[in-house]
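Using my numbering, the first residue of the sequence shown is number 20, and each one after it goes up by one.
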Amino acid sequence: MYEERETECHPLLQGDRDEDFKTISLCSSEMESLTSICEVILPSLSPNSLTQNHDNNKSDDESIKLFSTLSASQYPIPNKVARLLVKRAFFEAIMVVRLVLKLCSSRVGTLLIGGSLCFSVKWPYINKFSEISLERREKIVQKWFKHHFLTPVRLGFVFIKSLCLLAFFSQVNEKSKNPTWEAIGYNVATTKQHPNQQNNRPLQKNMVEIINETDHTLVNSLMQKGLHVTENLKENICKITCDVVIIGSGCGGGVAAAVLAKSGKKVVLLEKGDYFTPKDYSSLEGPSLDQMYESGGILPTLDGKLMIQAGSTVGGGSAVNWSACIKTPTSVLTEWAEEHNMKLYRTHEYASAMDIVCERIGVTDKCVKIGFQNQVFRKGCESLGLKVEDVPQNASKDHYCGSCCFGCPTGDKKGTDSTWLVDAVDHGAVIITGCKAEKLLFTENGEGKRRGKRCVGVLSQLMNQKISKRLQSLLEDH
Ligand SMILES: Cc1cc2nc3c(=O)[nH]c(=O)nc-3n(C[C@H](O)[C@H](O)[C@H](O)COP(=O)(O)OP(=O)(O)OC[C@H]3O[C@@H](n4cnc5c(N)ncnc54)[C@H](O)[C@@H]3O)c2cc1C
């Protein structure tokens, strides 16, 4: 029942073009050091180092040969690493990486973090990092992992390494291909799409996509969606009024928007991400992370020990998650209710709300096809005599696309973008995409009220360089 995809994916999900890397924010000496560190992480191999495997066919041999000639020091990988660093990393991480690059850019700095490995027999007897042979550079990096006092340098290197590997393996050419994929046996899922999904943008009728607007068109576009709009020209603020403002269109925001809009409230939903539909999805890791994930998928904790992943697009996490839908187990509900005194979780209302959500997003536990890793996992558990149960998913029983985490290209997964948000816009809710809520606006409550302040609206930044205005969403009764 599915057709091979013929349409083009969304330009934002296609991957970077060369010119995107021309402007970089690191100076030339930092770039030189970065390039030589990238080479240590992923060097090219000499053809002699490849052992011939007679089982391989000719095309495998060719792709492996090509792989061996590639290195992360080749353009545009270092430029892409620099751009990712400046665009995505925390200020602290940028400072640590720049410190490492600065040290590597000078002879004294390299001596400090590389020791005797930077010595040379020729004048000036000490080499900076980029002048040292690859073999010695590798030894220097190994040292960074051994000595306690080099911890900041090691942290900087680990950060560069993560960005470098991401850039190297997710970088695509104009045909959306990466030259290493064939050699490592990686394929981007071939997209098959349900015919009903083609050209279907169910939220568009009540959506303002900031990416398509300018300062001149914005007011008109908001008014066309039935919003009352005024302007504060002095402060360059565009004001809209409504009954309810919801920040974020994910699992929570989507359900709240639908329920409140159905109850007759005028709902405005602010979403900082953009709107993509199944026909837009490319299944390409690099651009999909960049456009559909919080911080482009690069969001480490401050200590760098953990990466946090969250969706940032219309539908939030539900647009990129793996569709596993496990109802809160009774033992957990009991713990919440009894140990944390949240009685709601043991009520009939909570149980029935969970049933309603599962029904609306089409949860089934009758999945027919499971992925290879899970087949292996199941077999292992069964061999050990462990109980194995199917994980219910919010997609049809024969759903299997392998790339739901980059947006389900079949359109079969039922995230909020194809369920609750559709209900919300059908009942008059307006979704504003590319709109980042930045400040909650409060007013003093009258005397005698339990809470001193009341929230009366939200001030947002509009994520489009063509727009200088900010958006104020104010609650009607204020
Ligand atoms: C790759 C991946 C796989 C997952 N797999 C599963 C799974 O199989 N099963 C499961 O149960 N869970 C899974 N999850 C987790 C699940 O998706 C999340 O728990 C769920 O989406 C959280 O819902 P939420 O409403 O709290 O926030 P989200 O769904 O994350 O929505 C938050 C939304 O708010 C927007 N936003 C944030 N700040 C602002 C702002 N200031 N202004 C405007 N908009 C803003 C974001 O862009 C985002 O779209 C997965 C998550 C990921 C990332």
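Every residue, glycine too, gets a C-beta built ideally from N, C-alpha and C.
Item to check | Helix, strand or coil at TYR364 [DSSP, three-state] | outcome: Under the three-state reduction of DSSP, TYR364 is assigned to helix.
Item to complete: Please report how far the alpha carbon of PHE164 lies from the alpha carbon of VAL172, in whole angstroms.
Response: So the alpha carbons of these two residues sit roughly 9 Å apart.
>> Just to confirm my understanding: we take GLU25, look at its own chain, exclude 5 residues before and 5 after, and list those with CB closer than 8 Å. What are they?
In response: Confidence is the limiting factor: at GLU25 the pLDDT is only 47, short of 50, which leaves the residue's position unreliable and the question unanswerable from this model.
Exercise for the section: May I have a chain-ordered list of the beta strand (DSSP E) segments no shorter than 3 residues that lie completely inside the region 407 to 481? Expected result: Counting whole runs of 3 or more residues, the region 407 to 481 contains the beta strand (DSSP E) stretches 449 to 452, 454 to 463 and 472 to 481.
For GLY133, count neighbouring C-beta atoms within 10 Å of its own C-beta (all shown protein chains included) and say buried if the count is 16 or more, exposed if not. Classified as buried, GLY133 has 16 or more neighbouring CB atoms from the shown chains inside 10 Å of its CB.
**Asked** Considering only C-alpha positions, which residue in the set ALA343, TRP200 and PRO348 is nearest to CYS386?
**Response** Checking every option, the nearest Cα to that of CYS386 belongs to ALA343.
**Prompt:** To the nearest angstrom, how far is it from the Cα of TYR205 to the Cα of ILE230?
**Reply:** Their Cα atoms are separated by approximately 33 Å.
Report all residues from its chain with a CB closer than 8 Å to the CB of GLY447; omit the five preceding and five following residues, and keep chain order.
Closer than 8 Å at Cβ, skipping near neighbours: ASN225, GLY245, ALA280, LYS285 and VAL286.
Checking contacts by CB at 8 Å: is CYS137 closer than that to chain B?
Checking the listed chains, one finds no chain B in this structure; it contains a single protein chain.
| query | Which residue's Cα is closest to the Cα of PRO411: SER437, GLN394 and THR383? | reply | Nearest of SER437, GLN394 and THR383 to PRO411, Cα basis: THR383.
Return the first residue and the last residue of the beta strand (DSSP E) that GLN491 is part of.
From DSSP, the beta strand (DSSP E) with GLN491 extends over 489 to 494.
task = Give the secondary structure of ALA372 by DSSP, where H, G and I count as helix, E and B as strand, and everything else as coil.
result = Helix at ALA372.
(message) In the DSSP assignment, the alpha helix (DSSP H) including LYS509 goes from what residue to what residue?
(response) The requested residue 509 does not occur in the structure, where the chain is confined to residues 20 to 497.
- Given a threshold of 16 other Cβ atoms within 10 Å of its Cβ, counted over all protein chains shown, does ASN360 qualify as buried or as exposed? Its Cβ having fewer than 16 others within 10 Å, ASN360 is exposed.
Which two residues bound the contiguous beta strand (DSSP E) that contains LYS258? LYS258: member of the beta strand (DSSP E) spanning 256 to 261, first to last residue.
Just to confirm my understanding: we take THR438, look at its own chain, exclude 5 residues before and 5 after, and list those with CB closer than 6 Å. What are they?
Result list for THR438: ARG379 and ILE380, in chain order.
Legend entry - Same chain only: Cβ atoms within 6 Å of ASP496, ignoring 5 sequence neighbours per side: Contacts found: none.
- Nearest neighbour of LEU459, chosen from ASP35, VAL264, ASN76 and VAL191 [CA to CA]: Out of ASP35, VAL264, ASN76 and VAL191, VAL264 has the C-alpha closest to the C-alpha of LEU459.
Just to confirm before moving on: does the CB-CB distance between CYS424 and GLY336 stay below 8 Å?
No. Outside cutoff.
Following a CB-centred definition, is VAL264 positioned closer than 7 Å to any heavy atom of ligand 1? No, the beta carbon of VAL264 sits no closer than 7 Å to any heavy atom of ligand 1.
Discussion item. Check whether the region 474 to 489 and the region 310 to 317 touch, using three or more Cβ-Cβ pairs below 8 Å as the test.
Written reply: Too few Cβ pairs lie closer than 8 Å, so no.
What residue does the beta strand (DSSP E) around LEU289 start on, and which one ends it? First-last of the beta strand (DSSP E) with LEU289: 286 to 290.
- [ ] Mind checking which residues open and close the beta strand (DSSP E) that includes GLU228?
- [x] GLU228 -> beta strand (DSSP E) spans 226 to 228.
Would you kindly work out how many angstroms separate the C-alpha atoms of THR462 and LEU493, rounded to a whole number?
If I take the Cα positions, the gap works out to 12 Å.
Please look up how many angstroms separate the CB atoms of SER268 and LEU120, rounded, as I've assumed it's under 8 Å.
-> Contact between SER268 and LEU120 is ruled out by a C-beta separation of about 39 Å, above the 8 Å threshold.
What number of angstroms, rounded off, separates the C-alpha of LYS158 from the C-alpha of GLY390?
Cα to Cα, the separation comes out at about 40 Å.
Original post:
Can you find a heavy atom of ligand 1 that lies under 7 Å from the Cβ of CYS377?
Top reply: For CYS377, the CB stays at least 7 Å from every heavy atom of ligand 1.
*Could you check the C-alpha separation between SER90 and VAL339 for me, to the nearest Å?*
So the two alpha carbons sit approximately 31 Å from each other.
Output yes or no for whether 8 Å exceeds the beta carbon distance between ASP234 and LYS488.
-> The answer is yes: Cβ separation under 8 Å.
Requested in this report: Would you mind reading off the limits of the alpha helix (DSSP H) that contains VAL59?
Outcome: Where VAL59 is concerned, the enclosing alpha helix (DSSP H) stretches over 47 to 60.
Next item on the list: Within 10 angstroms of the Cβ of GLU22, are there 16 or more other Cβ atoms? Answer buried if so, exposed if not.
Entry: Residue confidence for GLU22 is low, a pLDDT of 43 falling below 50, so the modelled location carries little weight and cannot support an answer.
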